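Enquirer:
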Amino acid sequence: MQKFSHDTIVVLDFGAQYSQLIARRVREMHVYSQIVPYNISAEDLKRMQPVGIILSGGPASVSGSDSP
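With the numbering used here applied, the sequence shown covers 1235 to 1302.
Pasting the structure below:
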């Protein structure tokens, strides 16, 4: 992982279909964003020094009877 010299928002990808859209919307606000897998190590995440983290959700519905 590289260290960034600008403000970074990290999008943790839990398998949601909207991860790319979320990252693009952040970039449209002139903020750098990077999509990373949900299982990124804490050390790698700290090394990125993000100013914010967005959790992108998974494919399961939160309102379903068998939701996690």
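For every residue, glycine included, the Cβ atom is placed at its ideal position computed from N, Cα and C.
Quantities reported herein were computed from a predicted structural model and do not represent experimental measurements.
So, helix, strand or coil for Asp-1241, using DSSP?
Expert: Asp-1241 falls in the coil class under three-state DSSP.
Enquirer: Where Met-1282 and Tyr-1252 are concerned, what is the direct C-alpha to C-alpha distance, given to the nearest angstrom?
Expert: If I take the Cα positions, the gap works out to 22 Å.
Enquirer: Return the CA-CA distance between Ile-1269 and Gly-1298, expressed in angstroms with no decimal places.
Expert: Taking the straight line from one Cα to the other gives about 27 Å.
Enquirer: Rounded to whole angstroms, what's the CA-CA distance from Gly-1249 to Met-1263? Just pull it up for me.
Expert: Each residue's alpha carbon lies about 23 Å from the other.
Enquirer: Helix, strand or coil for Gln-1268, going by three-state DSSP, please let me know.
Expert: Note: Gln-1268 maps to strand in three-state DSSP.
Enquirer: Comparing C-alpha positions only, which one of Leu-1246, Asp-1241, His-1240 sits nearest to Asn-1273?
Expert: Nearest C-alpha to Asn-1273: Leu-1246.
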